[in-house]
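In my numbering, the protein residues as written are 5 to 519.
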Ligand code: MCA
Ligand code: AMP
């Protein structure tokens, strides 16, 4: 067991003794050994060192998913700097905000985006810009090629910043959640034990790696156990099922499961080699859980977490002695608080509620983040006086320990596992010519779980069309944020206090996408 505070060292120590064994099978036919991971992360860490960056420099990365992007993440930890992954769907104005807010020293973008990233990086005084694509092309690997393949991992403080994950807010712009080496290390160790990772496990990695689910839960899970991964740069339901004859663990958001359920090839034989299916990032309908069990014989293990906290609760993988030895993976619930996580359900006055009562979910534990990047007031607002983090999720804990999420106090739409903040879209729409005001609400959707509908009020006499509103959003914002439907309305429904009644709008549009 290592005591080195750099989380990279904990992963490195878990690499199997046989370094020539395969660590990653990439779908395009390439394989990477553990020695390759060792050597290439050393080269990239040496490249980062050669830039002589100030301590804890941010390295912002917006590139298509590839094994080399994974190496860059590991190399950033290894060199003791801070990884800042960005969703590839973000467009220039969104990236401009992140660079301005996080002031990274290095930006790595895809060669195709260099044209618009270069001026934004210059404007934000980014010292170094590199490129990397999903075919191993670009200046990053060219520059790293001549570097030594040995590197001594940087010694960092245990609470040193390791990663910043941007998460939007109900008001204002995105906030950078700061996660330390010890935050991610403690969660990885907890999940390794709780999910009973086995020596012969093989992870099918199908998620993007710019968010907590794909980057931390999936990658850390495999690497901290020295387990290889079958690597998909992009999720595909049919190919995912094909990989199940070789894999043992699959992690996905509910949309991945509903898409696989629609495949004729999904059955007990196709999944016989699998040990564990994990779902999270968005609520999984109990009927999806049941349909999966009927088709495959496997009970999906649903868990719940946040960018600010990594994983918080999980259905049991094995009987959980803390909760009467219960082992049921109960559909529609997110299971028990993970070992080390204290969870409470509280009323408006932050007072804990009895079992089964619905209230705000608050948590405490070694996994809870350091705060929001350069936003001490926002950070303070999200913690109680006794140190609990307010998740903004609304739920209940049954007497037998199972936690269920019943809603959110934050105005948030989770669409296919991506978070969309209505406030951000509304303020964009409200600034369009001819628009008086707008409201964006989330409604059920068979594929994405939930999608946004924009309800827009035009100024008197203005010529605004739903199509022009959607087109304007599309041209400026990440594609998953674009409302899937837009309507014009004369006035927004308001309550007596003047607050927009989003529930009325939601009800009016709730069946729009239902089959
Ligand atoms: C794609 N589109 C979407 C979404 N994804 N619309 C709404 N919501 C989405 N999530 C739209 C695009 O805008 C595009 O529309 C059309 O669908 C096709 O785009 P494409 O990229 O081809 O879609 P896809 O490849 O089929 O992607 C769907 C997906 C993807 C595989 C479900 O969204 C995905 O990988 N989701 C996982 C997100 C994730 O990893 N979340 C974890 C966050 P148009 O054609 O009109 O332009 S971590 C987290 O939440 C916490 C901490 C936790 O607990 O894990
Ligand atoms: P993020 O901003 O990406 O960290 O998203 C975190 C949010 O995703 C949580 O606060 C929850 O609202 C939601 N979430 C994550 N996992 C689940 C789950 N299993 N069920 C319901 N909601 C979830």
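Note that CB positions come from ideal geometry on N, CA and C, so glycine has one too.
Handout entry: Start and end residues, beta strand (DSSP E) containing residue 423
Key = Looking at the DSSP string, the run of the beta strand (DSSP E) that includes residue 423 is 422–424.
Exercise for the section: Alpha carbon to alpha carbon, how far is residue 449 from residue 406? Give it in angstroms, no decimals. Expected result: Those two C-alpha atoms are separated by around 26 Å.
Handout entry: Coarse secondary structure for residue 16, derived from DSSP in three states
Key = DSSP places residue 16 in helix when its eight states are reduced to three.
Handout entry: Start and end residues, alpha helix (DSSP H) containing residue 51
Key = For residue 51, the enclosing alpha helix (DSSP H) has its first and last residue at 38–54.
Practice task
Enumerate in chain order the residues of its own chain whose CB-to-CB distance from residue 398 is below 8 Å, with the five nearest sequence positions on each side excluded.
Solution key: Residues of the same chain with a CB within less than 8 Å of the CB of residue 398, apart from the 5 flanking positions on each side, are 362, 363, 364, 365, 409, 410, 411, 412 and 413 in chain order.
Exercise for the section: State buried or exposed for residue 423, treating a residue as buried only when at least 16 other CB atoms are found within 10 Å of its CB. Expected result: A buried status is given to residue 423, since no fewer than 16 other beta-carbon atoms sit within 10 Å of its beta-carbon.
Handout entry: Given residue 390 as reference, the closest of 129, 369 and 331 once Cα atoms are compared
Key = Measuring C-alpha to C-alpha distances from residue 390 to each of 129, 369 and 331 identifies 369 as the nearest.
Problem - Distance between beta carbons of residue 184 and residue 165, contact taken as under 8 Å - result: Going by Cβ atoms, the distance from residue 165 to residue 184 rounds to 6 Å, so yes, they are a contact pair.
Handout entry: Simplified DSSP assignment, three categories, for residue 446
Key = Strand, per DSSP.
Practice task
Rank 285, 33, 434 and 444 by C-alpha distance to the C-alpha of residue 415 and give the top, closest one.
Solution key: Here the closest residue by C-alpha is 444.
Practice task
Could you give the DSSP three-state label for residue 110: helix, strand or coil?
Solution key: Reduced to three states, the DSSP call for residue 110 is strand.
Practice task
Find out if the Cβ-Cβ distance for the pair residue 18, residue 154 is shorter than 8 Å.
Solution key: No, the Cβ-Cβ distance between residue 18 and residue 154 is not below 8 Å.
Practice task
Output the distance between the C-alpha atoms of residue 64 and residue 234, rounded to the nearest integer angstrom.
Solution key: Their Cα atoms are separated by approximately 26 Å.
Handout entry: Through-space distance from residue 268 to residue 220, alpha-carbon basis
Key = Just so you know, the alpha carbons of residue 220 and residue 268 end up roughly 31 Å apart.
Practice task
Say yes only if the C-beta of residue 484 is nearer than 7 Å to one or more non-hydrogen atoms of the ligand MCA, and no if none qualify.
Solution key: Residue 484: yes, Cβ under 7 Å from the ligand MCA.
Handout entry: Supposed contact pair residue 306 and residue 338 - C-beta distance, whole angstroms, cut 8 Å
Key = About 6 Å separates the beta carbons of residue 338 and residue 306, which is inside the 8 Å limit, making them a contact pair.
Practice task
Could you tell me if the beta carbon of residue 8 falls within a distance shorter than 7 Å of some heavy atom in the ligand AMP?
Solution key: Not so, every heavy atom of the ligand AMP lies at least 7 Å from the Cβ.
Handout entry: Given residue 452 as reference, the closest of 278, 215, 72 and 289 once Cα atoms are compared
Key = Nearest to residue 452 by alpha-carbon distance, out of 278, 215, 72 and 289, is 289.
Exercise for the section: For the beta strand (DSSP E) containing residue 305, list its first residue and its last residue. Expected result: That run of the beta strand (DSSP E) goes 305–310.
Practice task
Would you give the residue range spanned by the alpha helix (DSSP H) that residue 78 belongs to?
Solution key: Here the alpha helix (DSSP H) through residue 78 covers 71–83.
Problem - Any non-hydrogen atom of the ligand AMP within 7 Å of residue 419 CB - result: Distances between the C-beta of residue 419 and the heavy atoms of the ligand AMP are all 7 Å or more.
Practice task
Specify the secondary structure class of residue 368 as computed by DSSP and reduced to three states.
Solution key: In the structure shown, residue 368 sits in a strand (DSSP, three-state: E or B).
Handout entry: Length at least 3, wholly inside the segment 378–448: the beta strand (DSSP E) runs in chain order
Key = The segment 378–448 contains these whole beta strand (DSSP E) runs: 393–401, 407–412, 417–419 and 422–424.
Exercise for the section: Quick one: using the 10 Å Cβ neighbour count with 16 as the cut-off for buried, is residue 401 buried or exposed? Expected result: Residue environment analysis places residue 401 among the buried positions, since at least 16 neighbouring C-beta atoms fall within 10 angstroms of its C-beta.
Handout entry: Test item: CB-CB of residue 152 and residue 50 under 8 Å
Key = Yes. Within cutoff.
Handout entry: Residue from 482, 446, 440 and 485 with nearest C-alpha to residue 463
Key = Minimum Cα distance to residue 463 is reached at 440.
Exercise for the section: Let me know if residue 500 comes out buried or exposed under the rule of 16 or more other beta-carbons within 10 Å of its beta-carbon. Expected result: Residue 500 comes out exposed.
Exercise for the section: Whole angstroms is fine: what's the gap from residue 241's alpha carbon to residue 248's? Expected result: Approximately 11 Å, taken between the alpha carbons.
Exercise for the section: State the DSSP-derived secondary structure class of residue 1, mapped to helix, strand or coil. Expected result: Residue 1 falls outside the range modelled here, since the chain spans only 5 to 519, and no answer is possible.
Handout entry: Rounded Cβ spacing between residue 136 and residue 150 (contact assumed at less than 8 Å)
Key = About 16 Å separates the beta carbons of residue 136 and residue 150, which is beyond the 8 Å limit, so they are not a contact pair.
Practice task
Grab the span of the beta strand (DSSP E) containing residue 277 for me, first residue to last.
Solution key: Premise fails: residue 277 is in no beta strand (DSSP E) and is neither H nor E.
Exercise for the section: Compute the distance between the beta-carbons of residue 454 and residue 419, then report whether it is under 8 Å. Expected result: Yes.
Practice task
Verify whether the separation of the beta carbon atoms of residue 214 and residue 90 is less than 8 Å.
Solution key: Less than 8 Å separates the beta-carbon of residue 214 from that of residue 90.
Practice task
Going by CA-CA distance only, name the one from 95, 82 and 68 that's closest to residue 476.
Solution key: If we check each option's Cα against that of residue 476, 95 comes out closest.
Exercise for the section: Figure out for me which residue from 403, 426 and 310 has the closest Cα to the Cα of residue 394. Expected result: Answer by Cα proximity: 310.
Exercise for the section: Please check the pair residue 252 and residue 224, which I expect to be a contact at CB under 8 Å, by giving their CB distance rounded to whole angstroms. Expected result: Approximately 17 Å separates the beta-carbon atoms of residue 252 and residue 224; this is outside 8 Å, ruling out the contact.
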